[in-house]
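Numbering (the UniProt record's numbering), first residue to last: 1 to 121.
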């Protein structure tokens with residue numbers, strides 16, 4: 001077993017409940033952690049035997065471009081596509097941070113983490 005991760009992916013996106021968030025957008029950071037079996041990849045040295053970082057990045061990037069209201073829903077959509085792309089994974093965890101959320105005070109970021117299989121289905 002092993003873990004593949006992409007941490008600190010940054011995007012400017014338009015997710016949120018408030019009209020201002022949808023117009024101005026905000027900075028977001030996304031982390032993806034995937035647990036999978038590395039045996040074949042370790043023995044064969046073939047990208048097809050593991051989780052491809054490029055595919056993970058493209059999934060995150062694609063979903064960050066489509067505005068949604070809730071970060072929980074956004075993480076769910078990413079997990080759904082990751083599970084489709086890599087059906088043999090054991091677990092996946094998505095953390096999304098919204099920098100400087102519009103809460104009326106100083107807050108570095110709001111954070112949502114969704115994990116499959118624990119929080120999912």
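Every residue gets a Cβ at the ideal spot worked out from N, C-alpha and C, and that includes glycine.
DSSP lists 33, 115 as the beta-bridge partner residues of residue 93. Here residue 17 has 69 as same chain residues with Cβ atoms under 7 Å from its own Cβ, once five neighbours each way along the sequence are excluded. Boundaries of the beta strand (DSSP E) around residue 9: 2-13. The continuous alpha helix (DSSP H) containing residue 24 extends over residues 19-24. In summary, residue 54 is exposed, with fewer than 16 beta-carbon neighbours lying within 10 Å of its beta-carbon over all protein chains present. In this structure, residue 25 lies near residue 14, with their beta-carbon atoms less than 8 Å apart.
Judged by DSSP secondary structure, residue 54 falls within the alpha helix (DSSP H) whose first and last residues are 53-64.
A straight line joining the alpha-carbon of residue 12 with that of residue 116 spans about 25 Å.
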